[in-house]
Each structure stands twice: as C-alpha cells, then as structure tokens.
Amino acid sequence: MKRHTGYGWLELIEGILLIILGALAIASPGGILRWITIFYGVMAIVTGITDIIFYAKSERYIGFAPCVSLAAGVISVITGLALMAYPHIGELVVTLLLPLWFIAHSVSKLCHLGFIRSLYRGRYFYVSLVINVIGLVVGVLMIFWPQIALFSVGFLIGTYLIILGIDSVISACSKLGRDW
2 MKRHTGYGWL
12 ELIEGILLII
22 LGALAIASPG
32 GILRWITIFY
42 GVMAIVTGIT
52 DIIFYAKSER
62 YIGFAPCVSL
72 AAGVISVITG
82 LALMAYPHIG
92 ELVVTLLLPL
102 WFIAHSVSKL
112 CHLGFIRSLY
122 RGRYFYVSLV
132 INVIGLVVGV
142 LMIFWPQIAL
152 FSVGFLIGTY
162 LIILGIDSVI
172 SACSKLGRDW
C-alpha cells in the first residue's frame, strides 16, 4: 500500500487559489490592486514552498533534484514576503517583482517537465510545457515593457493565473499528485 503525502493537496489548493486570484484580477483590476498585491504575495510564498518541497522530495526519491527548483522556490518565497510587507507599492511590485516571480515559477515548472514526462506521458506534459513557456514569455515582456504589467493587470495576468491554476489542479489530480 502506498502512503499518500500532502503534495497533491498542496498543489490542488495552490491551483484553486490561483484560479480565484485570476478571476478577481480580471473582474476588478483597478479597485483591488493592493489586495491583489497581498494575495500575489501569499501565492508566491505557497508556490515557492511547493517548489522547495518538490526539490526535497525529488532528492529523496530519485537521488538528485533540479537545483533550479530550489532557487526558484527561494526567490518565490522572498518575492512573496516582499509583496506582503509593502502592499502600498503595488504598482512598483507589479512592474518589478511580479515578472520575476512569473519567470522563476515558469522556469521551475519547466525544469519539472523531465520528471513529469517520465512519470506521466499524457497530454499534461504538453499542456504544462505550453503554459509555462507562455508564462516565461509574459514575464520577460513585463520586464521590458512595464506598461504591459500596469495596463494589463486584469486581463493578461488574470488569464495566466487561471491557466496556471488549472495546470496545478491537473497536476494534483495526475499521477504526480497521487503518488507523492
């Protein structure tokens, strides 16, 4: 009998929270920027912890782990703490730190793909690949054109977060979520 761990549940909770955050960002981007900034901080911390747990579990189960997952997890946690500590600078955070989080999280998820492909060879691999490449491109675009981050907070980021949330829910329901 296999022992189930909390990784699948953590990934499921992360996915649901990302979907909620994405819907809120699309519905009312201007009026709740500070609240969204705090929520982004919470999500960055949760995704960072998820990446760190993935690193630790990969190391334990297969003997090696992608160090990028650990680095991305630490960057995500630091970004989340910064977002929560200074919510009044939401626009600055959106234009500077949020793209870094998008890039760090997307790179981390792309590094997981080799392991995911070996464990689960379905459409999930390709969906996750496309979603995280899009996240990487969006993060880079937000760095080079900060006005994209300011003017598209509701639509672009909200849509990406919903897609990222769906990706996390699929991951939680896949073999990865069940077997860990």
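Using my numbering, the first residue of the sequence shown is number 2, and each one after it goes up by one.
From the three backbone atoms N, C-alpha and C, an ideal C-beta is built for every residue, glycine too.
- Put simply, the backbone Cα of L25 is about 24 Å away from that of C174.
- Pairing Y161 with L111, the inter-Cα distance amounts to about 16 Å.
- Rounded to the nearest whole angstrom, the CA to CA distance from Y62 to H89 is 42 Å.
- Taking a contact to require three or more Cβ pairs closer than 8 Å, the segment 67-78 and the segment 122-137 do not qualify as touching.
- In this structure the segment 76-86 does not lie against the segment 139-146, because fewer than three pairs of beta carbons, one per stretch, are closer than 8 Å.
- Scanning V78, G23, F116 and G9 for the CA closest to the CA of P67 turns up F116.
- Only residues of its own chain outside the window of five on either side were considered, and among them G23, A26 and I27 have a CB closer than 6 Å to the CB of G159, listed in chain order.
- Note that the C-beta distance between G136 and L19 is not below 8 Å.
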